[in-house]
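Engineer: Each residue of the sequence shown is one higher than the last, beginning at 1 in full-length UniProt numbering.
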Amino acid sequence: MPDLDLPDWLTSDQRARLVRLAERNVADHGDDLLGLVLSGSAGRGFATERSDLDVVVVLSDEAAAGRESTHSPDVDEAVDSWSELLTVPPFGTEHWWYRWTYAWAPVLLDRTGGELAGAVRRQATVGPDEADGILIEHDRLDGWLNFAYRTLKNDRDGRGLETRLDAAESVPWLLDVVFTMAGRVRPYNKYLAWELRNHPLDGWPADDLLGLVRRTLEGDVSAIRETFARVRAACSSYDTSRGHTRTTDMVEGWGEELRLFEPR
């Protein structure tokens with residue numbers, strides 16, 4: 001029987017299912033089973049009566065090559081090889097979206113002496129150089145500014161539908177900026193409010209950011225202007241921490257067009 005570290009919030013039924021899953025994987029893989037990670041809603045204390053268990057089974061490279069992920073109404077078992085877990089997909093690549101799977105996901109079983117827990121944390125965090133790349137080389141900051149600017153122009157010119165469309169388009173770019181500056185992978189939309197409330201971001205209280213997002217999605221241009229002021233301040237703080245002025249320079253590079261962001 002493997003010694004599992006099960007979160008306190010799990011129900012007795014969930015705990016029993018996880019114990020059976022662990023016993024089966026130990027029997028099937030022996031020492032090639034390196035660990036188990038609980039993701040999904042159950043892994044974050046966010047489950048409902050309709051939620052299943054999402055478990056990442058981490059295997060040696062050889063064992064993982066002969067094992068496929070499985071899905072059932074009660075348990076989904078995704079398989080990661082050790083090499084896959086240690087490989088951190090860059091922003092914009094095919095598997096970038098999968099990295100948040102590991103955010104705040106408890107490690108139930110670690111047979112690597114702590115290396116597994118470290119690899120899980122690395123998947124869900126954004127290093128300083130990586131953050132610069134996302135914000136600047138991948139244009140997430142400039143992209144948000146572009147959609148925000150288009151929103152304000154549409155509103156100025158009386159194009160209501162277009163205002164709302166560009167405002168909505170701006171939100172994913174904004175969230176990438178906010179979470180990247182905090183050194184985190186942006187959460188899946190389902191978990192946005194949960195993460196902001198359970199793992200707050202400096203400078204972006206949950207109710208403030210969620211309120212700005214809601215108002216932006218409604219096409220409220222005052223929310224765009226309020227958000228811009230916060231982003232500008234966040235860029236200054238971020239640049240100070242990084243010892244450069246790259247994000248501030250990118251914002252200020254908009255020149256006279258920034259006047260449209262001034263409060264009305």
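C-beta atoms are modelled at their ideal positions from N, C-alpha and C, and glycine is treated no differently.
#1: Looking only at its own chain, which residues have a Cβ that is under 6 Å from the Cβ of residue 80, when we skip the five neighbours before and after it?
#2: Apart from the five residues just before and just after residue 182, which ones in its own chain have a Cβ nearer than 6 Å to its Cβ?
#3: Residues bridged to residue 56 by DSSP?
#4: What does DSSP give as the partner residue(s) for residue 110 in the beta ladder?
#5: Taking the alpha helix (DSSP H) that residue 228 falls in, what are its first and last residues?
#6: Using 10 angstroms around the beta-carbon of residue 196, count the other beta-carbons present and answer buried if the total reaches 16, otherwise exposed.
#7: Got a sec? Which residues, its chain only, sit under 7 Å from residue 105 by beta carbon, not counting five neighbours each side?
#8: Between residue 35 and the rest of its own chain, which residues show a CB-CB distance below 7 Å, the 5 nearest in sequence each way excluded?
#9: By Cβ distance, which residues of its chain are closer than 6 Å to residue 32, with the 5 residues on each side in sequence left out?
#10: Leaving aside the five residues before and after residue 170 along the sequence, list all residues of the same chain whose C-beta is less than 7 Å from its C-beta, in chain order.
#11: Specify the secondary structure class of residue 184 as computed by DSSP and reduced to three states.
Structural biologist: Quick answer:
#1: 56, 58
#2: 201
#3: 37, 78
#4: 35
#5: 221 to 242
#6: buried
#7: 37, 38, 39, 43, 120
#8: 58, 107, 109, 110, 111, 112, 116
#9: 59, 60, 63
#10: 144, 147, 148, 151, 216
#11: strand
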